[in-house]
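Chains as they are written, first to last, in the working numbering: chain Y, -3 to 281; chain V, -3 to 281. Glycine included, each C-beta is placed from N, C-alpha and C at the ideal position.
2 protein chains.
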Amino acid sequence: MTILAKGHKLNGMKREPFFQKLAQAQERNQSLLCVGLDPDPAKLPAPFKRGGIQRVARFNQAIIKATADLVSAYKPNWAFYEALGLEGMRVLEKTLEAVPRHVPVIADAKRGDIGNTAKSYARAIFEVWGADAVTLSPYMGLDTLEPFLSYEDRAAYVLCLTSNPGAEDFELPGLLYLRVASALGQHDTRGNIGLVVGATQLGRIQEVRKAAPNLPFLIPGVGTQGGSARAAVQEAWGNRPGSVLVNVSRSVLYASSGNDFAEAARAAADDFRKELQGYIPRKKG
Amino acid sequence: MTILAKGHKLNGMKREPFFQKLAQAQERNQSLLCVGLDPDPAKLPAPFKRGGIQRVARFNQAIIKATADLVSAYKPNWAFYEALGLEGMRVLEKTLEAVPRHVPVIADAKRGDIGNTAKSYARAIFEVWGADAVTLSPYMGLDTLEPFLSYEDRAAYVLCLTSNPGAEDFELPGLLYLRVASALGQHDTRGNIGLVVGATQLGRIQEVRKAAPNLPFLIPGVGTQGGSARAAVQEAWGNRPGSVLVNVSRSVLYASSGNDFAEAARAAADDFRKELQGYIPRKKG
C-alpha cells in the first residue's frame, strides 16, 4: 500500500505475539490494569476546559505519562475519537504515539463484517493505526474474524458476555455467550484470540472460563460500571500468562476535575493495580 | 459541539424521517437499488490506476454522477475509507458531498457498543458525517441501539441474517436471527429500525418477514455474492413504503476496468434496477 497515512512508524514491523507482549508488561509493572483512553471533551479536567480539539490529545498524553508504569495496556475506544471528526483521528494519532512501545495498545473498535470488508478494517486497525490488538463482534460468524486473526503477531478480543443490561437480550438467552466462548476456544489455532467478559457478570465469568479454558479475558465494567474486581480476577484466572486484563476508564481518567488530575489519575490507577494484584490466586503446592 | 470537523453542512438540520426519504427516492427513480460505495484502490478502472489517494474520491464521484438517477440510496462502507488512513476519511467526505441531497446515504459501519460509547458513534455517523442511516450489530442488546434510534429522523439497519458462510456459526443456531427480528419489530416505537437480511438466504428471508412484518429490509448479497434478486424482493416485500432495498457493490463499481467504466456502471445499475422492479409483487384486487 502506498496510500496509507504517513506517520505510523509501526507499519509492517513483525512483532512478538500480543499475549507475550501483554504478559511481559504485566510482569514488568506488576499490573493487570488496562486504562481505557475514552476522552469526553465535556468531562476534561480544569486545565483542558478551553481551547481547540487538540487539548484532548494533551489530556491523553498527560494521563499516559502519569500511568504508563502502572498499567499493562491501554485501550483507546475508537468511538470517542470518531465523534470528534477528522481532527479527532489526529488526536488518536498523537495519543498512540505517546504510548511507550513496550505497553500494548488495544483498539476498542468492536468491528465485524464479511471477508472483503473485514480485511479493510484489519488493515485500518493494524496497519494504519498500528494497534497491537482489537475488539471484535462475533455476530456474523468465525469467517468475519479471520482477516484479523491472520495477523499472527496481533490479537482479537471477541465480545462474549458484556457488562450492560442489554446482555440479557441476545447474549444470555440460549447461552449464546457460552457457545461463542466454546467456538472461539476451538478456533484459536494461532493463540491470538481473547474474550470480552464484563465484570458485572458475577458467577458467569467462571462459566466462560470453563467453556474456554485457554483464552485470555479482557474484563471491562470495573469502576464506574460497578463490577467486582475481585470476581473479575478470581473467576477469570486462567492457565496462560496474560489470562486476565481488567479495564478501567472513567474512574482513572476523571479521578479529579482539578489541576491535580494527573496525580489523582496516577493514584487511582495505582489503587486499582494493587487491588487487582491482591486478588491473584496463589499458586498451589 | 464546537469541535466537530468543519465542512459537514448537514449537521443538526432536522430532516424528514429516513424511510419516508427512501420511499420518495424509490418512487422518483423507480428503483429498489442501493449502490455500495466500497472502493478498493487495487480494483479501480484504467483512468484511476495511478496517482494519490484522492483518485478514489474522483472515482466515487464519477460513479455517483453516472448512477444517481437510477438508485434509491448509496451505502458507503466505512471500512474501505478507514483502510486508507486519515486521507481516506477525506475521500469519504468528498464522496458524501457528491451525493445529491434527495438520495439517502446509509453509513455501513456495523457499530455496536454500550450506551456512553454508542452515543459517541451515533454522533460521529449522524452529526460529523451527516449520514441518513447506519448499520448496527445487535449482539450487545437493545440498549446499545438506543443512542442511534433517538435520532428520530435517521434510521438503523440492524444485522439479522447475513449472506456469508459464518451466518451458520451464531445467527442460525437457536434461530437467533428470528429472535433478533422479532425483538426489533417490537422495539421499533419510532419507525426507524430496519434489518439487514442477506440475499443468499433463500427461504429464510420470508421467515424474517413473518417475524418482523413491519420492518424494512436492507438486502446485500446480490451480484458478486450470488444471491437471488428475485427471492430478495419477493420474500422480503412488506407492507410499508421502503420495505425492500437491495444493495449491489462490486458488480456496479467494477462493471468495466476500462475507460468506459462510468457507462458500464450506469448500464449495470440500470439492469439491476429494471430487474428488481420486475420482481415487485403486483397489488391485489
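Exposure label - residue i; buried when at least 16 CB within 10 Å
i	result
residue 140 (chain Y)	buried
residue 228 (chain Y)	buried
residue 84 (chain Y)	buried
residue 239 (chain V)	buried
residue 232 (chain Y)	buried
residue 188 (chain V)	buried
residue 89 (chain V)	buried
residue 255 (chain V)	exposed
residue 207 (chain V)	buried
residue 42 (chain V)	exposed
residue 276 (chain V)	exposed
residue 269 (chain V)	buried
residue 115 (chain V)	buried
residue 0 (chain V)	Bear in mind that a pLDDT of 38 at residue 0 (chain V), under 50, signals an unreliable position, so the model cannot answer this.
residue 123 (chain Y)	buried
residue 133 (chain Y)	buried
Beta carbon proximity, residue i to chain A, threshold 8 angstroms
i	result
residue 106 (chain V)	Protein chains in the displayed structure are Y and V, and chain A is not among them.
Per DSSP, the bridge partner or partners of residue i
i	result
residue 11 (chain V)	DSSP output for residue 11 (chain V) lists no bridge partner at all.
residue 72 (chain V)	V:33
residue 107 (chain V)	V:132
residue 189 (chain V)	V:152
residue 276 (chain V)	DSSP lists no partner for residue 276 (chain V).
residue 102 (chain V)	V:129
Nearest neighbour of residue i, chosen from the options [CA to CA]
i	options	result
residue 211 (chain V)	V:201, V:181, V:200, V:255	V:181
residue 278 (chain V)	V:208, V:207, V:234	V:234
residue 17 (chain V)	V:159, V:149, V:168	V:149
residue 236 (chain V)	V:245, V:190, V:194	V:190
residue 98 (chain V)	V:15, V:201, V:54, V:114	V:15
residue 252 (chain Y)	Y:127, Y:13, Y:39	Y:39
residue 215 (chain V)	V:118, V:147, V:102, V:185	V:102
residue 91 (chain Y)	Y:125, Y:81, Y:115	Y:125
residue 257 (chain V)	V:26, V:45, V:50, V:121	V:45
residue 186 (chain Y)	Y:143, Y:197, Y:27, Y:117	Y:143
residue 230 (chain Y)	Y:222, Y:273, Y:243	Y:273
residue 223 (chain V)	V:204, V:200, V:194, V:203	V:194
residue 151 (chain Y)	Y:197, Y:80, Y:213	Y:213
residue 177 (chain V)	V:184, V:156, V:162	V:156
Neighbourhood of residue i by C-beta distance below 7 angstroms, restricted to the same chain and skipping five residues each side
i	result
residue 37 (chain Y)	52
residue 78 (chain V)	84
residue 160 (chain V)	none
residue 166 (chain V)	172
residue 220 (chain Y)	246, 247
residue 94 (chain Y)	56, 57, 60
residue 135 (chain V)	108
residue 74 (chain V)	103, 104, 105
residue 68 (chain Y)	18, 21, 22, 25, 27, 28, 29, 30, 241
Own chain partners of residue i with C-beta closer than 8 angstroms, once the 5 adjacent residues on each side are dropped
i	result
residue 63 (chain V)	31, 248, 261, 262, 265
Sequence-distant residues of the same chain with beta carbon closer than 6 angstroms to residue i, five excluded per side
i	result
residue 76 (chain V)	34, 35
residue 271 (chain V)	225
residue 11 (chain Y)	149
residue 48 (chain V)	none
Complete alpha helix (DSSP H) runs within the segment 213 to 246 of chain Y (minimum length 4 residues, chain order)
Counting only unbroken stretches of 4 or more residues, the alpha helix (DSSP H) elements lying wholly within the segment 213 to 246 of chain Y are 225 to 232, in sequence order.
At 3 residues or longer, and completely inside the segment 109 to 172 of chain Y: list those beta strand (DSSP E) runs for me, N to C.
Taking only runs of at least 3 residues, the beta strand (DSSP E) segments lying wholly in the segment 109 to 172 of chain Y are 129 to 132, 151 to 157.
Entirely enclosed beta strand (DSSP E) segments - the segment 19 to 65 of chain Y, minimum 3 residues
29 to 33
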